[in-house]
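Residues 1 to 915, numbered by UniProt numbering, are exactly what the sequence shown covers, in order. Just so you know, even glycine gets a beta-carbon here, dropped at the ideal spot from N, CA and C.
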Amino acid sequence: MASENSPLLAYRLLGEEGVAFPANGAGAPGGASARKLSTFLGVVVPTVLSMFSIVVFLRIGFVVGHAGLLQALAMLLVAYFILALTVLSVCAIATNGAVRGGGAYFMISRTLGPEVGGSIGLMFYLANVCGCAVSLLGLVEAVLDTFGADAMGSGGLRVLPQGYGWSLLYGSLLLGLVGGVCTLGAGLYARASFLTFLLVSGSLASVLVSFVAVGPRNIPLTPRPGPNGSSLPPQFGHFTGFNSSTLKANLGAGYAKDYTTGAMMTFAGVFAVLFNGCTGIMAGANMSGELKDPSRAIPLGTIIAVAYTFFIYILLFFLSSFTCDRTLLQEDYGFFRAISLWPPLVLIGIYATSLSASMSSLIGASRILHALAQDDLFGVILAPAKVVSRGGNPWGAVLYSWALVQLVLLAGKLNTLAAVVTVFYLVAYAAVDLSCLSLEWASAPNFRPTFSLFSWHTCLLGVASCLLMMFLISPGAAGGSLLLMALLSALLTARGGPSSWGYVSQALLFHQVRKYLLRLDVRKDHVKFWRPQLLLLVGNPRGALPLLRLANQLKKGGLYVLGHVTLGDLDCLPSDPVQPQYGAWLSLVDRAQVKAFVDLTLSPSVRQGAQHLLRISGLGGMKPNTLVLGFYDDAAPQDHFLTDPAFSEPADGTQEGGTPALSTLFPPPRAPGSPRALTPQDYVATVADALKMNKNVVLARACGALPPERLSRGSGGTSQPHHVDVWPLNLLRPRGGPGYVDVCGLFLLQMATILGMVPAWHSARLRIFLCLGPREAPGAAEGRLRALLSQLRIRAEVQEVVWGEGAGSQEPEEEEEGDFVNGRRGDAEAEALACSANALIRAQQGRGRGGGPGGPEGGDGVEGPATALTFLYLPRPPADAARYPRYLALLEMLSRDLGPTLLIHGVTPVTCTDL
Numbered sequence: 001m002a003s004e005n006s007p008l009l010a011y012r013l014l015g016e017e018g019v020a021f022p023a024n025g026a027g028a029p030g031g032a033s034a035r036k037l038s039t040f041l042g043v044v045v046p047t048v049l050s051m052f053s054i055v056v057f058l059r060i061g062f063v064v065g066h067a068g069l070l071q072a073l074a075m076l077l078v079a080y081f082i083l084a085l086t087v088l089s090v091c092a093i094a095t096n097g098a099v100r101g102g103g104a105y106f107m108i109s110r111t112l113g114p115e116v117g118g119s120i121g122l123m124f125y126l127a128n129v130c131g132c133a134v135s136l137l138g139l140v141e142a143v144l145d146t147f148g149a150d151a152m153g154s155g156g157l158r159v160l161p162q163g164y165g166w167s168l169l170y171g172s173l174l175l176g177l178v179g180g181v182c183t184l185g186a187g188l189y190a191r192a193s194f195l196t197f198l199l200v201s202g203s204l205a206s207v208l209v210s211f212v213a214v215g216p217r218n219i220p221l222t223p224r225p226g227p228n229g230s231s232l233p234p235q236f237g238h239f240t241g242f243n244s245s246t247l248k249a250n251l252g253a254g255y256a257k258d259y260t261t262g263a264m265m266t267f268a269g270v271f272a273v274l275f276n277g278c279t280g281i282m283a284g285a286n287m288s289g290e291l292k293d294p295s296r297a298i299p300l301g302t303i304i305a306v307a308y309t310f311f312i313y314i315l316l317f318f319l320s321s322f323t324c325d326r327t328l329l330q331e332d333y334g335f336f337r338a339i340s341l342w343p344p345l346v347l348i349g350i351y352a353t354s355l356s357a358s359m360s361s362l363i364g365a366s367r368i369l370h371a372l373a374q375d376d377l378f379g380v381i382l383a384p385a386k387v388v389s390r391g392g393n394p395w396g397a398v399l400y401s402w403a404l405v406q407l408v409l410l411a412g413k414l415n416t417l418a419a420v421v422t423v424f425y426l427v428a429y430a431a432v433d434l435s436c437l438s439l440e441w442a443s444a445p446n447f448r449p450t451f452s453l454f455s456w457h458t459c460l461l462g463v464a465s466c467l468l469m470m471f472l473i474s475p476g477a478a479g480g481s482l483l484l485m486a487l488l489s490a491l492l493t494a495r496g497g498p499s500s501w502g503y504v505s506q507a508l509l510f511h512q513v514r515k516y517l518l519r520l521d522v523r524k525d526h527v528k529f530w531r532p533q534l535l536l537l538v539g540n541p542r543g544a545l546p547l548l549r550l551a552n553q554l555k556k557g558g559l560y561v562l563g564h565v566t567l568g569d570l571d572c573l574p575s576d577p578v579q580p581q582y583g584a585w586l587s588l589v590d591r592a593q594v595k596a597f598v599d600l601t602l603s604p605s606v607r608q609g610a611q612h613l614l615r616i617s618g619l620g621g622m623k624p625n626t627l628v629l630g631f632y633d634d635a636a637p638q639d640h641f642l643t644d645p646a647f648s649e650p651a652d653g654t655q656e657g658g659t660p661a662l663s664t665l666f667p668p669p670r671a672p673g674s675p676r677a678l679t680p681q682d683y684v685a686t687v688a689d690a691l692k693m694n695k696n697v698v699l700a701r702a703c704g705a706l707p708p709e710r711l712s713r714g715s716g717g718t719s720q721p722h723h724v725d726v727w728p729l730n731l732l733r734p735r736g737g738p739g740y741v742d743v744c745g746l747f748l749l750q751m752a753t754i755l756g757m758v759p760a761w762h763s764a765r766l767r768i769f770l771c772l773g774p775r776e777a778p779g780a781a782e783g784r785l786r787a788l789l790s791q792l793r794i795r796a797e798v799q800e801v802v803w804g805e806g807a808g809s810q811e812p813e814e815e816e817e818g819d820f821v822n823g824r825r826g827d828a829e830a831e832a833l834a835c836s837a838n839a840l841i842r843a844q845q846g847r848g849r850g851g852g853p854g855g856p857e858g859g860d861g862v863e864g865p866a867t868a869l870t871f872l873y874l875p876r877p878p879a880d881a882a883r884y885p886r887y888l889a890l891l892e893m894l895s896r897d898l899g900p901t902l903l904i905h906g907v908t909p910v911t912c913t914d915l
């Protein structure tokens with residue numbers, strides 16, 4: 001059968017003599033011997049034996065006597081309604097693929113993932129452990145009722161001492177017997193199942209016949225001590241035979257104290273005891289690996305077993321209500337033996353059901369524990385449970401489970417444990433219903449169970465009813481179990497688990513994301529809700545880690561895509577070289593702790609690849625609106641993998657688990673002077689292409705010099721204050737534009753403000769610079785800018801600077817945009833203007849550090865906040881492609897030695913003053 005380790009379609013079409021077999025041999029003749037159980041022996045028998053626990057012989061009177069016939073029937077209907085909903089989910093999941101060892105744990109973990117599946121699996125394991133203890137305590141109680149020295153009755157050997165310590169001893173001895181059988185293997189248990197089934201069925205048949213054949217009689221009850229320790233007169237219960245008066249008296253509830261615990265009974269307490277006896281519906285599903293036809297046997301056999309046990313319980317409830325008075329029902333839970341034609345047969349049935357249920361619980365618990373250990377979810381804690389015998393019997397898990405059952409036996413009272421066991425089973429049932437619900441809601445094409453009598457309504461109702469009954473039975477136990485499950489899930493999430501199982505959460509997310517992406521209408525975009533959606537083109541991430549993290553801070557909840565272009569032509573390659581790279585890039589995103597998607601492409605040139613990514617990255621209304629590039633200069637690339645603590649790796653080049661280290665998946669940085677994949681001409685052409693596509697452009701220079709605390713994910717608390725400087729005017733054309741700030745300038749202000757919203761940049765002070773000519777009166781432009789900032793809710797310090805301050809140059813003549821790049825200004829004059837602007841910026845940076853107009857050296861030595869990042873206006877590239885190298889040279893002069901700098905050109909309005 002196909003599993004997560006074998007492909008669904010890996011099948012040979014024909015085997016020997018034309019018989020079709022799977023390629024992995026699961027159905028080949030050599031493995032056919034394992035699949036030999038029929039529906040009756042493989043599903044009906046183990047499920048009936050699991051559901052016929054001690055309750056069927058020792059708690060019928062308890063339930064009917066306290067709750068009355070009407071409430072008892074209501075309890076039974078509610079219990080079986082919950083069970084029926086879960087049965088539908090079990091049948092659906094079991095018929096959607098092969099269920100290996102672990103039963104419910106396997107179904108849940110392979111659906112909800114290892115974190116939730118592991119926590120629920122451990123809860124289900126504990127439910128089986130406690131269930132084994134409950135069965136053993138019930139058996140001890142039955143033995144002491146017959147052979148106890150203090151037992152009331154006229155027959156039997158009264159030789160066994162009674163008391164808490166003795167009961168614990170008897171339970172431990174019986175546990176040793178059960179543990180020994182389970183240690184020898186499941187084969188011995190399987191061979192005894194049918195014999196046990198016959199004994200239980202014969203015993204129940206004798207009880208049913210006795211209700212009709214036995215005449216009225218008085219049955220002596222166990223003596224109760226008086227108020228002062230005196231003996232009370234003997235009391236009797238009455239078996240009346242079929243009597244309408246007896247039925248009428250037993251219709252209503254009559255809750256009283258439980259004579260075994262002294263606790264006052266309630267609806268919830270009685271229901272807990274009854275429901276515990278109805279569990280075990282997954283015993284047949286756990287046998288799927290041994291069934292001849294599991295897709296047919298599991299739903300059919302489970303439904304037959306549930307219907308059969310329901311009918312027997314109903315019949316026993318009615319017969320008991322018609323024939324036994326309430327005193328007998330409440331004061332002698334083992335009255336079946338007193339009314340039986342042959343009492344030893346009832347004893348045989350009690351002992352057989354108890355032993356069968358305890359062995360079933362222990363062997364089931366050991367299989368669940370072994371499956372948990374095999375999946376290595378809890379590490380070395382469960383390592384002993386992996387040990388198996390030569391025949392494959394997990395005796396290590398059996399011994400592990402035996403020790404836990406021994407601890408649970410210390411509780412000592414059957415009814416005390418019943419509520420805890422019931423809550424644990426309900427948690428497991430709710431998880432199975434949730435698994436089926438998730439698969440149904442995810443609408444995955446491969447979820448095609450052959451059992452179709454279910455819907456998401458039944459699954460949802462099953463989850464809700466299980467959770468409701470948990471808190472109705474025991475709010476404390478329910479809350480504690482959910483808290484334990486949450487803690488275990490958090491532990492497994494932190495530890496990490498297998499990722500090859502498939503997560504239904506991913507299918508659900510895909511289903512929901514697709515639905516909402518379709519509703520994300522680009523025609524309804526509004527500037528009020530604009531946010532940056534970045535496409536960062538990365539050549540080699542070794543030299544771009546600081547830029548990766550800075551772009552992650554600039555996105556402000558928007559889309560962030562890491563793009564990479566692999567050079568090549570698919571026609572000349574045997575396979576796509578891009579697909580194997582995705583794993584390394586996704587690991588990079590995880591290690592760098594950035595919230596980014598990865599988009600890779602193959603192209604003959606970087607420019608064409610960038611065009612592809614700009615056009616096709618994103619989906620629907622989530623598409624990049626801003627291109628981010630590293631600056632093109634002659635600086636030697638740095639390898640930040642060697643200095644970043646997040647990328648520290650073992651010297652042998654492997655990670656935990658033996659996977660290759662991330663540093664081995666990316667090439668070393670380019671050596672200085674070596675050929676580059678992108679020419680200056682193509683670099684500027686890529687910028688021009690992005691602007692033609694109406695994309696904003698950000699060129700990032702010297703991001704490696706950013707203060708490390710500003711790139712952290714913390715609050716940015718630092719003893720070193722910083723400035724963020726914004727120059728919203730085109731410094732290569734400072735006085736030629738309309739007004740004092742245009743769309744591009746507003747884009748700069750918006751991006752700088754967004755950066756200030758990041759916790760790591762909260763403490764940085766935003767400074768905005770305005771350039772004035774020597775003959776311009778100060779104050780007018782500043783007032784207009786402050787009014788604009790007030791309207792835009794931007795808090796910043798505004799500074800006016802006189803053009804030429806710190807640079808020694810004359811005020812430039814007013815020109816139209818683009819003149820300097822289209823040749824009307826001479827090269828020497830354009831370079832002088834760029835150098836003058838660069839000197840002006842450096843002068844202001846030096847003044848911020850306490851220096852004078854010429855820089856830090858000319859100041860008074862008072863240390864002030866340094867400039868952590870500078871935002872500059874990026875002019876449009878020239879229309880003539882022949883002038884691209886000159887344009888790039890001017891940008892290099894403008895941003896030289898300024899430290900971390902972002903040159904930005906915005907083409908779309910991004911600010912709004914309306915509500």
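Fully enclosed by the segment 573-648, which beta strand (DSSP E) runs are 3 residues long or longer?
The qualifying runs are 597-603 and 626-630.
For the beta strand (DSSP E) containing Trp727, list its first residue and its last residue.
Translated into positions along the sequence shown, residue 727 becomes position 727. Here the beta strand (DSSP E) through Trp727 covers His722 to Trp727.
What is the DSSP secondary structure of Glu784, counted as helix, strand or coil?
As a first step, residue 784 is located in the sequence shown; it is residue number 784 there, counting from the start. Sequence inspection shows Arg at residue 784; the Glu mentioned does not correspond to that position. It is helical.
Give a yes or no on whether the minimum CB-CB distance between Thr39 and chain B is below 8 Å.
Given the protein chain composition of this structure (a single chain), no chain B is represented.
Helix, strand or coil: which one does DSSP assign to Tyr259?
As a working note, residue 259 is residue 259 in the sequence shown. Residue state, collapsed to three classes: coil.
Just to confirm, are Leu518 and Gly620 a CB contact at a threshold of 8 Å?
Position 518 of the sequence shown holds residue 518. Position 620 of the sequence shown holds residue 620. Yes.
Give a yes or no on whether the C-beta atoms belonging to Leu274 and Leu76 are separated by under 8 Å.
For the purposes of this step, residue 274 is identified with residue 274 of the sequence shown, where counting begins at 1. For the purposes of this step, residue 76 is identified with residue 76 of the sequence shown, where counting begins at 1. Taking 8 Å as the Cβ cut-off, Leu274 and Leu76 qualify as a contacting pair.
Can you give the Cα-Cα distance for Gly118 and Arg531, rounded to whole angstroms?
Along the sequence shown, read from residue 1 onward, the residue named residue 118 stands at position 118. Along the sequence shown, read from residue 1 onward, the residue named residue 531 stands at position 531. The alpha-carbon atoms of Gly118 and Arg531 are separated by roughly 40 Å.
I need the straight-line Cα distance from Tyr255 to Met264, nearest angstrom please.
As a working note, residue 255 is residue 255 in the sequence shown. As a working note, residue 264 is residue 264 in the sequence shown. Rounded to whole angstroms, Tyr255 to Met264 spans 7 Å at the Cα level.
Between the segment 369-382 and the segment 115-132, do at least 3 Cβ pairs fall closer than 8 Å?
Yes, they touch.
Could you pull the DSSP bridge partners for Cys771 from this structure?
What you label residue 771 is simply residue 771 of the sequence shown in a count that begins at 1. Cys771 pairs with Val801.
Does DSSP put Tyr873 in a helix, a strand or coil?
In the sequence shown, the residue the question calls residue 873 occupies position 873. Strand, per DSSP.
Would you please state the rounded distance, in angstroms, between the beta carbons of Leu536 and Ala592? I believe it to be under 8 Å.
For the purposes of this step, residue 536 is taken as the residue at position 536 of the sequence shown. For the purposes of this step, residue 592 is taken as the residue at position 592 of the sequence shown. About 12 Å; that fails the 8 Å criterion.
With Asn128 as the anchor, note down where its alpha helix (DSSP H) starts and where it stops.
The residue you call residue 128 lines up with position 128 of the sequence shown. Counting along the chain, the alpha helix (DSSP H) containing Asn128 begins and ends at Pro114 to Phe147.
Confirm, please, whether the CB-CB distance from Val565 to Thr86 is below 8 Å.
Residue 86 sits at position 86 when you count from the first residue of the sequence shown. Residue 565 sits at position 565 when you count from the first residue of the sequence shown. The answer is no: Cβ separation not under 8 Å.
Apart from the five residues just before and just after Phe242, which ones in its own chain have a Cβ nearer than 7 Å to its Cβ?
For the purposes of this step, residue 242 is taken as the residue at position 242 of the sequence shown. Contacts found: Phe322 and Thr323.
Does the beta-carbon of Pro294 have 16 or more other beta-carbons within 10 angstroms, so that it is buried, or is it exposed?
By one-based count along the sequence shown, residue 294 stands at place 294. Buried, since its Cβ has 16 or more Cβ neighbours within 10 Å.
Tell me which same chain residues have a C-beta within less than 7 Å of the C-beta of Val910, skipping the five on either side of it?
In the sequence shown, the residue the question calls residue 910 occupies position 910. Closer than 7 Å at Cβ, skipping near neighbours: Val527, Trp530, Leu746, Phe747 and Gln750.
Should the segment 432-446 be called in touch with the segment 484-498, which here means at least 3 C-beta pairs below 8 Å?
Contact fails: fewer than three Cβ-Cβ distances are below 8 Å.
What separation, rounded to the nearest whole angstrom, lies between the Cα atoms of Gly736 and Ser587?
By 1-based counting over the sequence shown, the position of residue 736 is 736. By 1-based counting over the sequence shown, the position of residue 587 is 587. Any reading at Gly736 must be qualified, since the residue scores a pLDDT of 48, below 50, and its modelled position is unreliable; the value itself is stated next. Cα to Cα, the separation comes out at about 48 Å.
Touching or not, the segment 666-676 and the segment 634-641, by the rule of three or more beta carbon pairs under 8 Å?
Touching, per the Cβ criterion.
Is DSSP giving Pro220 helix, strand or coil here?
Here residue 220 refers to the residue found at position 220 when the sequence shown is read from its first residue. Three-state DSSP puts Pro220 in a strand.
Based on the DSSP output, what are the partners of Val387 in its beta bridges?
Here the question's residue 387 lines up with position 387 in the sequence shown. Beta-bridge pairing links Val387 to no other residue.
Assign Cys130 to buried or exposed, taking buried as 16 or more other Cβ atoms, counted over all protein chains shown, within 10 Å of its Cβ.
Here residue 130 is taken as the residue at index 130 of the sequence shown, counted from 1. Buried: at least 16 other Cβ atoms inside 10 Å.
With H, G and I counted as helix, E and B as strand and the rest as coil, what does DSSP make of Tyr560?
Within the sequence shown, the letter at position 560 stands for residue 560. Reduced to three states, the DSSP call for Tyr560 is strand.
Could you give the residue range of the alpha helix (DSSP H) that holds Gly97?
On the sequence shown, position 97 is the one that residue 97 refers to. Premise fails: Gly97 is in no alpha helix (DSSP H) and is neither H nor E.
I need the boundaries of the beta strand (DSSP E) containing residue 916, first residue and last residue.
As shown, the chain starts at 1 and ends at 915. That puts residue 916 outside it, with no answer to give.
Assuming Ala843 and Leu890 form a contact by the criterion Cβ under 8 Å, report the distance between their Cβ atoms to the nearest whole angstrom.
Your numbering for residue 843 matches position 843 in the sequence shown. Your numbering for residue 890 matches position 890 in the sequence shown. The Cβ separation is near 19 Å, so there is no contact.
May I have the straight-line CA-CA distance separating Ala403 from Tyr164, to the nearest angstrom?
Taking the sequence shown and counting its residues from 1, one reaches residue 403 at position 403. Taking the sequence shown and counting its residues from 1, one reaches residue 164 at position 164. Rounded to whole angstroms, Ala403 to Tyr164 spans 19 Å at the Cα level.
What are the partner residues of Met751, as DSSP defines its beta bridges?
Residue 751 sits at position 751 when you count from the first residue of the sequence shown. Per DSSP, none; premise fails for Met751.
Ignore the nearest five residues each way along the sequence and tell me which others in Ala688's own chain have a CB closer than 7 Å to its CB.
For the purposes of this step, residue 688 is taken as the residue at position 688 of the sequence shown. The answer, listed in chain order, is Pro877.
Under three-state DSSP, which class holds Val910?
Counting from 1 along the sequence shown, the entry for residue 910 is found at position 910. Three-state result, Val910: coil.
With distance defined between alpha-carbon atoms, name the residue in Ser455, Gly906 and Leu208 nearest to Leu341.
Within the sequence shown, numbered from 1, the residue matching residue 341 stands at position 341. It is Leu208 whose Cα lies nearest to the Cα of Leu341.
Quick check on the DSSP output: what are the complete alpha helix (DSSP H) runs of length 4 or more inside the segment 434-505, in order along the chain?
Whole alpha helix (DSSP H) segments, 4+ residues: 456-473 and 475-495.
Could you tell me the distance, in whole angstroms, from the CA atom of Pro853 to the CA atom of Gln681?
Mapped onto the sequence shown, residue 853 falls at position 853. Mapped onto the sequence shown, residue 681 falls at position 681. Confidence is the limiting factor: at Pro853 the pLDDT is only 39, short of 50, which leaves the residue's position unreliable, though a coordinate-based value still follows. Near 36 Å, if we compare the C-alpha coordinates of Gln681 and Pro853.
Assuming Pro900 and Leu706 are in contact, meaning their beta carbons sit under 8 Å apart, how far apart are those beta carbons, in whole angstroms?
Translated into positions along the sequence shown, residue 900 becomes position 900. Translated into positions along the sequence shown, residue 706 becomes position 706. The pair is a contact, with the Cβ atoms about 5 Å apart (cut-off 8 Å).
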